[in-house]
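Under full-length UniProt numbering, the sequence shown is numbered contiguously, ending at residue 424. Positions of the beta carbon are idealized from the N, C-alpha and C atoms, including for glycine. Notes follow the structure.
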Amino acid sequence: MRQNNVADSGAIKKKMNGYVGFSNYPNQVHRRSIKRGFNFTLMVVGESGLGKSTLINTLFESKVYPGRDDSAAVGAVEHPNGVEISSVTADIQENGIKLKLSVVDTPGFGDSINNEESWKPIVENVESRFDAYLAQENRVNRSKIVDNRVNALLYFIKPTGHRLRAIDIEFMKNLHTRVNLIPVIAKSDTLTPREVEQFKANVLADINYHGIQIFKPVSDEYDDPETIADNKDIAGKIPFAVIGSESFVERADGTKVRGRQYPWGIIEVENEQHNDFVRLRQMLLRTHMEELRDTTDVALYESYRTQKLLAMGHVQDAAVFREFNPRVQQEEEARAHYAKMQKLEAEMSAVFQQKVQEKEAKLKQSEEELHSRHKEMKAAMEAQRTALEEQKRRAQAAMPVPGTAEPMYQTQPRKDKKKLFGGF
Ligand SMILES: Nc1nc2c(ncn2[C@@H]2O[C@H](COP(=O)(O)OP(=O)(O)OP(=O)(O)O)[C@@H](O)[C@H]2O)c(=O)[nH]1
Ligand SMILES: [Mg+2]
């Protein structure tokens with residue numbers, strides 16, 4: 001069932017099954033994001049028939065975390081620049097944090113007469129999203145900015161098993177300063193595991209040779225060992241070898257999983273031994289979502305904006321303007337990221353300390369209250385005891401002394417009493 005063929009439907013309703021996990025990472029979440037929710041836009045591009053639409057459906061329908069189903073979704077369609085581009089959108093809410101996930105599907109290229117400029121409509125689309133954002137930034141009321149900038153672009157590479165083709169290199173070179181480029185090897189089930197490894201190496205070599213910037217998870221010395229290991233693992237999988245499937249296959253143990261059936265066996269989408277789909281999804285939606293958004297905002301968009309303003313004849317402060325140098329930029333991003341983390345940490349520790357102080361003050365207060373209550377009760381008991389002792393003493397005094405018949409004191413005879421009051 002093809003679900004994102006939206007040329008005429010107008011809207012797609014989609015459900016993101018299961019628990020995504022983006023809210024699990026406190027360092028991924030700005031306070032602003034918590035309050036208003038945030039957007040994440042993923043775009044898929046590549047030659048026709050490489051499984052882009054299939055992968056999108058796989059992504060939306062795969063269970064990220066089995067056993068939970070807590071999302072509702074709305075759909076959207078876009079037609080910027082006249083390119084038939086459709087997007088599938090899901091509104092996901094997790095732990096009170098809202099995420100609007102949009103996956104933009106583009107029609108495959110490679111089948112048109114003019115292949116040389118197949119990247120053009122994509123660049124135009126990506127830039128038009130920057131323009132839309134820029135226009136909103138320049139408005140007086142900036143409180144309701146809609147952010148549809150592309151945060152990551154999956155570029156589908158044909159599984160030839162050889163090297164990158166000219167069309168791939170051309171595309172990536174034209175896009176790498178505009179988007180977080182994530183190359184994936186399409187339909188990786190058509191290659192053997194050995195071929196996949198070799199092909200990955202060739203692709204990476206070509207990417208390096210041509211100076212193409214791709215998105216790579218980078219660790220710094222402040223990351224915890226687990227994150228460092230995770231980043232290394234993810235980085236080692238690039239370019240991700242993926243498979244997509246919209247149907248289920250039966251495993252030897254009888255369970256049904258998303259995958260592809262072959263005469264010799266099955267390939268499972270969500271099996272890390274079979275392909276890198278799970279790792280890719282993890283990186284996009286969990287571990288590196290915030291980093292991808294940050295890079296889009298502070299590096300890619302900023303550099304576009306600077307160029308645009310310069311082209312429009314604005315004189316830019318030399319301190320603000322800098323040549324686009326990916327390495328310098330990366331270092332700056334790392335520094336900015338570190339500063340952000342430090343700030344976050346300081347904020348968190350301040351909040352923590354405040355909470356501790358409040359707790360301590362409260363404890364102290366209730367301790368004091370207890371103490372004074374204790375004192376009051378003690379005084380009351382003391383008073384009661386004195387009173388009782390007084391009573392006891394009097395009662396003892398009233399008792400006849402053993403051995404004498406006479407009481408110790410006598411009441412006045414009645415007639416005296418009368419006499420006493422007689423005068424009134
Ligand atoms: N072997 C294999 N086939 C796949 C895979 N993913 C998709 N296909 C098949 O490839 C064909 C094309 O898939 P689509 O998802 O329509 O490809 P597309 O990239 O969206 O193509 P366009 O929309 O024309 O650009 C379909 O028959 C899919 O079933 C995969 O991972 N492995
Ligand atoms: Mg398609």
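Considering only their Cβ atoms, is the gap separating residue j from residue i smaller than 9 angstroms?
| i | j | result |
| --- | --- | --- |
| glycine 96 | glutamate 47 | no |
| tyrosine 338 | glutamate 127 | no |
| alanine 152 | threonine 41 | yes |
| proline 183 | methionine 283 | no |
| isoleucine 243 | isoleucine 214 | no |
| valine 179 | methionine 43 | yes |
| arginine 251 | isoleucine 267 | no |
| methionine 136 | glycine 161 | First, the residue type needs correcting, since residue 136 is glutamine and not methionine in the sequence shown. No, the pair does not count as a contact, with Cβ atoms beyond the cut-off. |
| valine 150 | threonine 296 | yes |
| aspartate 276 | alanine 241 | yes |
| lysine 98 | glycine 37 | yes |
| leucine 55 | leucine 154 | yes |
Leaving out five residues on either side along the sequence, give the residues of the same chain with a beta carbon under 7 angstroms from the beta carbon of residue i.
| i | result |
| --- | --- |
| asparagine 174 | Trp119, Val123 |
| threonine 227 | Ser219 |
| glutamine 261 | Val249 |
| alanine 132 | Asn148 |
| glutamate 360 | none |
| glycine 257 | The displayed chain sequence assigns valine, not glycine, to residue 257. For valine 257, where only same-chain residues beyond five positions count, the Cβ hits under 7 angstroms are Phe248, Val249, Arg251, Glu268, Glu270. |
List the DSSP bridge partners of residue i.
| i | result |
| --- | --- |
| alanine 241 | Ile185 |
| asparagine 39 | Lys100 |
| alanine 152 | Leu42 |
| aspartate 105 | Val44, Ser86 |
| isoleucine 157 | Ile185 |
| phenylalanine 248 | Arg258 |
Ignore the nearest five residues each way along the sequence and tell me which others in residue i's own chain have a CB closer than 6 angstroms to its CB.
| i | result |
| --- | --- |
| glycine 67 | Unreliable positioning characterises glycine 67 in this predicted model, as indicated by a pLDDT of 36, which lies under 50. The coordinate reading is nonetheless provided below. So no residue of the chain qualifies. |
| glutamate 272 | Val278 |
| asparagine 39 | Lys100, Asp147 |
| phenylalanine 171 | Trp119 |
| serine 102 | Thr41, Ser87, Thr89 |
| leucine 191 | Pro159, Gly161 |
| valine 196 | Ser188, Ala241 |
Just checking my contact of residue i with residue j at CB under 8 angstroms: how many whole Å lie between their CB atoms?
| i | j | result |
| --- | --- | --- |
| residue 426 | histidine 176 | As displayed, the chain neither begins before 1 nor continues past 424, which places residue 426 out of reach and without an answer. |
| phenylalanine 130 | valine 45 | Phenylalanine 130 to valine 45, Cβ: 17 angstroms. No contact. |
| aspartate 105 | serine 53 | 6 angstroms |
| proline 159 | alanine 186 | 6 angstroms |
| alanine 299 | glutamate 333 | 6 angstroms |
| lysine 308 | leucine 134 | 7 angstroms |
| glycine 259 | serine 245 | 6 angstroms |
Starting from residue i and walking both ways along the beta strand (DSSP E), at which residues does that stretch end?
| i | result |
| --- | --- |
| aspartate 91 | 85-94 |
| arginine 258 | 256-262 |
| glutamate 268 | 265-268 |
Where do the ends of the alpha helix (DSSP H) carrying residue i lie?
| i | result |
| --- | --- |
| glutamate 358 | 326-398 |
| phenylalanine 215 | Careful: phenylalanine 215 lies outside any alpha helix (DSSP H) and carries neither H nor E. |
| glutamine 198 | 193-209 |
| isoleucine 169 | 166-175 |
| aspartate 294 | 289-295 |
| arginine 305 | 302-311 |
| alanine 135 | 120-137 |
| lysine 52 | 52-61 |
| glutamine 282 | 277-282 |
Could you pull out every residue in the same chain whose Cβ sits closer than 8 angstroms to the Cβ of residue i, ignoring the five residues on either side in sequence?
| i | result |
| --- | --- |
| phenylalanine 321 | With a pLDDT of 49 at phenylalanine 321, under the threshold of 50, the modelled position of that residue is not reliable, and the figure given next carries that caveat. These residues qualify, in order along the chain: Thr306, Leu310. |
| isoleucine 169 | Asp206, His210, Ile212 |
| valine 351 | none |
| histidine 371 | none |
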